[in-house]
Every structure is written in structure tokens, then in C-alpha cells.
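Line by line, the protein sequences give chains A and B.
Under numbering that gives the first Met the number 0, the letters of the first sequence match residues 0 to 314, in that order.
Under numbering that gives the first Met the number 0, the letters of the second sequence match residues 0 to 341, in that order.
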Amino acid sequence: MRRFVLRRVLLMIPTLFGISLLTFGLANATPGDPAFQAAQRSLGRTPTPKEVAFERKELHLDRPLPIQYVDWVGRALRGDLGVSFATRTPVRQELFRRIPFTLELALPAMALALLVAVPAGMISALRRNRPVDQIVRLVSLAGACMPSFWLALLLIILFSVRLSLLPVAGRGGLDHLVLPVVTLSTVPMSILARYTRSTMLEALGSDYVVTARAKGSAPWRIVTRHVLRNSLVPLITTAGAQLGFLLAGATVIETIFVWPGVGKLLVDAIAARDYPMIEGFVLYAGVAFVILNLVVDVVYAAIDPRIVVGPGGQQ
Amino acid sequence: MTAPVTPAAVAGPGGAVLAGEVVVPVRVGSRRDVVRSLLHDRTAVLGLAIVTVLVLGAVFAPLLAHHDPNHVDVLRKFLPPSRSFPLGTDNLGRDVFARILFGARVSIGTAILAGLAIGAIGTAVGLVAGYMGGVVDGLIGRVLDVLLSFPSFLLAMAVLGLVGPGLKNLVIATIAVSWAQYGRIVRGTVLVERERDYVEAARAAGASTMRVMRRHVLPNIVAPVIVLITLDMGIVLLQISGLSFLGLGVKPPTAEWGAMLSEGRNYLDQAPQMMTFPGAAIFLLVLGLNLLGDGLRDALDPRTRLRLAQGRRGGRGRGRGTPSATGPAAPPAPSAGAAPPG
């Protein structure tokens, strides 16, 4: 197990290196001359060529790209991602300030998705082709195809505009959480329900279930002892991936509900052409997702020893 | 919003995708068999019908619309649906029906373009990585790792933020960040395919690496790729309209479904039709593509067809639930890979 974790951590290094290269490359792909823009911002007027040259030297933009890259990585490792053009605050500080707001939506949404999806998928599989199954399949298919921004607006029209039950947007009491959390959870909920159903069906059709049946185990015992244990494990990985999608989806949902999370931060940064903020976001998001994937893999391996040992009995 | 079905989750028609690795490839029956089996699948036919209607609407937009989609007339703004304006008018008095039809050209057009490009790039890269192996595979694998470590929607957004918004950039950014998932799946398929006898036979006959890849391996992996593209086209549409909704796509007054929804946001009370209909169009197309894709997968998978023939227990075995078709024998790739926003 320790070797598995170690190997998995070492595998992260090329990925992290790639993410840093990608971010640096994107940063250099921004249109316009950064030295000119920086000079313009600090002077508040169109700079002379001399002033641009001075700024270029000041920002070390006259050095070769590889040196600039090493410099930049060094600063990023120390947590220095530059200063936001828009807010004039350090990028890292602003990102960290906003993360809790996003989690405030994302974690309840994920919990809600799992709480509904897993039982629904199980019932659907156990009552295959019965009306319950048909309903779960229909609803989960619709949910998975739903553009979340459309769903958000439909819910706002119904619950906020027409029925005046819930606030339209903004952050406040618990009632402010309802619509964004429900919207955000719809897609992962649908996908997880479909996934639970198919893993359950797979498990129900497997040899060990046939054996258990043949040996005369009670049906509920088969489900709890054999089917559930085997079909819920892969769900962890899927749920982990869904959490990633959910964080991406938060950009749209936060924008619609004017929620001050990192998603809205990115959207605002793009609107304001706040390049340091966008770059910082890419770098941090990349690192965060790599870590998330690592955690998911390790948890998975901890639960299912087959992953560590491998089919060949080694590794 | 997230992917309706992520490519890793849909698996290949032949069976399970393991951690984005092995797709058991499909032996396709005769083309007529596939069509017949598809037409017997009621939900697939429904999907095909939805997609066909929307595509025809886009193609014949100038004939079907009574009004110019960009004709502004503030005197008739916020009109409810009527005979002259089947879906009402928007805040500038433009015909919502006409804008949906002309918007379909942009929305469907970009989704098809991006979907095909993503499929082509991903297939080519996956084919090369899987067949060549070694250093090439290793290098490509690292690139895939990086791209798959982000949800593609976020990455596309950031790229657009840096290079600037606009429809062209949006399509390019979407293609650039979304092909990795295909690359991984196709690579897995090719790894299996490479070991088959026909590859050895072709090699023994003196075919070059390039020729074996193109003439022998590629035709054998085309079926799963078609299914993937169909299912993925919906995701691409969601992604493009989502980015457009955020204002990163078309410039006004061009009609596009995501942008229309975004305009409608400000008039939820006065003119809900500005928001309900473009959203419904996106939803229907994604739904249609999913139904069609699932049907194609079943039609191309002989094992499902066999089950259909046996006609077991009223279950018109629509793959989805049948273990062999979707069966996640192992988890899909744990990466937070390609998918539009949740």
C-alpha cells in the first residue's frame, strides 16, 4: 500500500510539471506586449518606447524564456502568483479568500447528489424494468442532458419570481443555498444514479451472486453482503470525478446566483482581462485536481485491495 | 452542468472501458443489420427524430422563419407567442422563433465542427500512441495526463480569457482542451487491436507502420469512435453554449442558443420565452444525441443484438442497464477530465 501511494505521488510530478508549462505557455499567449501594458498601467498614459524598455527590464521580460519560466516557477512555489490587475490584491490571497464560498455550494451539492442517487440507482436496479426503474431512468437521463444554466433560470422563475419562496441570488441565510445547491447537484446526481444502477446490475448478474443464491442465502443478505459492497466501491472514483465536474460547473452557477466563489472570480477576471488572476486560477485549479485525483485513487486502493495488488498478483 | 455521459463512462460499444484503458473492440455486422437493429430501437429512433428535426430546422431556417432574426422593432417587444410570432418576441422585438432557427445554425454547426475535430484529433493521437508504444506513447501519455487533470470546461474558459473571447476562439479552445479523453480511450482500444492476427498478417505481408495503422487498425476502431462522437457531441454542445452563456462566444446581435439564454436572463419576468425556448432547444438536442448514441452503441454491439433476438423478459435491453453494455468492470478514469460545467 505504501509503495502504491509513493508510486502514485511520483507519477504526479510530470503532470504538475506539465501543468506549470501549460500555464506559463498560456500566460505568454496573451495578446499584447506585457511590458507595454504594465508601463501603461503604472503611468496611467501611453508610455514612451524608453519607458517600455525600462519596464521590460524591471519585470525581467528581457531574459530568455526558459529563465523566465524557472523564475516564475520559483515564485509560484513560494506562493507568489503576482498581483491582480483588477483588485490590486495578491492573486493567491484572493483565490484563497474565495475558495470557502465555492465549497459552501459544492460540498452540500455533492452530498445531496450521493444521498439521492445511490438509493435511487439501487432501487432502480433491484426493480429492473418495473415502473420505478423506468421513472428513475427517465429522470436521470433528463437530468444528465440538462444545461445547468437553463435549469437554474427555470428554478428562479418558478421559486423566486412566481412563487416568491426563495431569494433570486446572493449569499445569505440557508434559503440562499437551496437553488444553487439543487441546480449544481442535478447533473452529478443523474450520472451517479445511472452509474449506481449499472454497477448494481453488473453485480447482480455476477457469479458470486449466483453462488450465493444457489447456496440459499436470503435475498436481502445477498444485496447487503455481496452486491452493495462490490458495486459501491467503483462509485468512489466516479464521485471523485463528479466532484471535479461540479467545481467546473460552479463557474456558471455562481455567476447566475451572484455567489462570491472562485467560479465567479474566474468569470469576473476574464471579463476584466485580469491575466495574473486567470493564470493563478489555472495553476491552482490544476494542482487541486491532481491532488483530488490522488486522494480518490488512494481511498479507492485502501478500500479495494485488488487495485494495489493488480490482477497479476504483483506490483 | 456536467457531462451527460463522459466518454470514459460510456465505454466502447464492445464493452467495458477500464480506467480509460481497454475497450473491447466491436466486430460490426453488416451495415444493414446495424440500421435494422437501430430502427427497431424505439428510443434510438426518437433520438434520431429529434436530432433530424433540429438539424433540418437549422438548414431550412430562411424558409421556416417568418421574420429576419435580427430585425429590431421595439414597438413589438416582449410579445407572447402568437400566430405571427410562434415563440413570442424578445426585448428588442425580434422573433424568438427565427432566432432559435438561425441560432441552431451556429449552435449545431459549431458542435458538429468541434465534435468531429475532437474525434479526429483524439483518434489520431490515440492510434499513434497505442500502436507505436514506447517513448511516443509515454510522451503522449504525459500530455493526456495534464489535459485530463482539468475539467475541460474550466480550461477552455481560462484559455478564452487569455486569448480573448469570440466564436472562433471558443471553438478552437474547446477542440484544444477536449480531445484528450478520446485519445485515452482510443489508445486503449488500439492496445487490444494491435495484438490481433490481422495486424500480424498485414505486417508479415510487408505493410508499413503507417499503412497498418490507417488501413487495418483504423477501420476496426471506427465503430466505437462513431458512438463516442455521437454521445460526446451533446457534451460539446453543452460546453459551447455554456461558454457562450458566459459571454465568451458570439457577439451580439448574432443568434446562438447559449447567448440567447444569457440575454433572456435579464427579462425572466417580462419575457420568459427568451430563456425557456433556447434552453429547451439545447436540452432536446443533447437528449436526442444521447438517445441516438446509446442506440448506435447497442446496434453496433453484436452481443446486445443477440440479447434482443432472444427477447428476454420484455427487457428491450437498451444497453444502458444491461451489464455487458455499460458494465463498469472497473472504474472509469479517475481524472476530472473532459466535461462541460455542471
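Cβ coordinates follow ideal geometry from the N, Cα and C atoms, glycine included.
Evaluate residue i with the Cβ neighbour count: other Cβ atoms within 10 Å of its Cβ, from every protein chain shown; 16 or more gives buried, anything less gives exposed.
i, result
"A/V251", "buried"
"A/Y299", "buried"
"A/E201", "buried"
"B/M212", "buried"
"A/I302", "exposed"
"A/V133", "It is worth fixing the name first, because residue 133 of chain A is Gln in this sequence and not Val. Result: exposed."
"B/A135", "Position check: residue 135 of chain B holds Val in this sequence, whereas Ala was assumed. B/V135 comes out exposed."
"B/S83", "exposed"
"A/H59", "exposed"
"A/W219", "exposed"
"A/I12", "exposed"
"A/Y194", "buried"
"A/E57", "exposed"
"B/V23", "With a pLDDT of only 43 at B/V23, under the threshold of 50, the placement of this residue in the model should not be trusted, and no figure is reported."
"B/T208", "exposed"
"B/S81", "exposed"
"A/T210", "exposed"
"A/L206", "A quick correction: the sequence has Asp, not Leu, at residue 206 of chain A. Flag for A/D206 reads exposed."
"A/S19", "buried"
"B/D196", "exposed"
Please determine, among the options, the residue with the shortest C-alpha to C-alpha distance to residue i.
i, options, result
"A/N27", "A/R161, A/L157 and A/Y274", "A/Y274"
"A/I190", "A/D206, A/M121, A/H175 and A/L140", "A/L140"
"B/Q238", "B/V211, B/L153 and B/P252", "B/L153"
"B/A254", "B/D293, B/V71 and B/F149", "B/V71"
"A/I255", "A/H225, A/G243 and A/V167", "A/V167"
"A/S159", "B/L126, B/T275, B/D268 and B/V58", "B/D268"
"B/L53", "B/P150, B/K167 and B/L288", "B/L288"
"A/Y68", "A/L21, A/E103 and A/S83", "A/L21"
"A/R126", "A/G172, A/I66, A/R196 and A/Q92", "A/R196"
"A/L264", "A/G142, A/F244, A/G215 and A/Q92", "A/Q92"
What does DSSP give as the partner residues of residue i in its beta bridges?
i, result
"B/D94", "B/T88"
"A/V82", "A/P89"
Is any beta-carbon of chain B found at less than 8 Å from that of residue i?
i, result
"A/F3", "no"
"A/T250", "yes"
"A/Y274", "yes"
"A/F292", "Position check: residue 292 of chain A holds Asn in this sequence, whereas Phe was assumed. At least one chain B Cβ lies under 8 Å of A/N292."
"A/L58", "no"
"A/A247", "yes"
"A/P166", "no"
"A/F288", "yes"
"A/V281", "yes"
"A/M145", "yes"
"A/W258", "no"
"A/P13", "yes"
"A/W149", "yes"
Measuring only between beta-carbons, confirm whether residue i sits less than 8 Å from chain A.
i, result
"B/N289", "yes"
"B/S106", "no"
"B/F244", "yes"
"B/G133", "no"
"B/S240", "yes"
"B/T208", "no"
"B/M156", "yes"
"B/R186", "no"
"B/M259", "no"
"B/V142", "yes"
"B/F282", "yes"
"B/Q309", "Reliability fails at B/Q309, whose pLDDT of 39 lies under 50, so the model's placement of it is uncertain and the value that follows must be treated cautiously. So, not an interface residue."
"B/S177", "no"
"B/L237", "yes"
"B/V162", "yes"
"B/L153", "yes"
"B/G233", "yes"
"B/V145", "yes"
"B/V249", "no"
Requested in this report: Would you check if there are 3 or more beta carbon pairs closer than 8 Å linking the region 266-278 of chain A to the region 142-160 of chain B?
Outcome: With the cut-off at 8 Å, the region 266-278 of chain A and the region 142-160 of chain B touch.
Fill in: Three-pair Cβ contact test at 8 Å for the region 258-275 of chain B versus the region 84-92 of chain B
Counting Cβ pairs under 8 Å, three or more are found: they touch.
message: Is it the case that the region 128-138 of chain B contacts the region 182-191 of chain B, given that we only count it when at least three CB pairs across the two stretches are under 8 Å?
response: With contact defined as three or more Cβ pairs closer than 8 Å, the region 182-191 of chain B and the region 128-138 of chain B are in contact.
Item checked: Any 3 or more C-beta pairs closer than 8 Å across the region 0-17 of chain A and the region 46-56 of chain A -> Contact check between the region 0-17 of chain A and the region 46-56 of chain A: fewer than three CB pairs, one atom from each, fall below 8 Å, which does not count as touching.
Check whether the region 201-208 of chain B touches the region 217-237 of chain B, taking contact to mean three or more Cβ pairs, one atom from each stretch, closer than 8 Å. They do not touch, by the three-pair rule.
**Prompt:** Should the region 56-75 of chain B be regarded as contacting the region 30-44 of chain B, the criterion being three or more beta carbon pairs within less than 8 Å?
**Reply:** Segments in contact, no.
Notebook entry, point to check: Should the region 102-122 of chain A be regarded as contacting the region 232-250 of chain A, the criterion being three or more beta carbon pairs within less than 8 Å?
Noted result: In this structure the region 102-122 of chain A lies against the region 232-250 of chain A, because at least three pairs of beta carbons, one per stretch, are closer than 8 Å.
Check: Should the region 28-46 of chain A be regarded as contacting the region 90-101 of chain A, the criterion being three or more beta carbon pairs within less than 8 Å?
Finding: No, because fewer than three Cβ pairs between the region 28-46 of chain A and the region 90-101 of chain A fall closer than 8 Å, the two stretches do not touch.
Any contact between the region 164-182 of chain B and the region 241-248 of chain B? By contact I mean 3 or more CB pairs, one from each, below 8 Å. Contact between the region 164-182 of chain B and the region 241-248 of chain B is established, with three or more Cβ pairs separated by less than 8 Å.
For the pair the region 180-196 of chain A and the region 102-110 of chain A, tell me if three or more CB-CB distances fall below 8 Å. Yes: at least three Cβ pairs fall under 8 Å.
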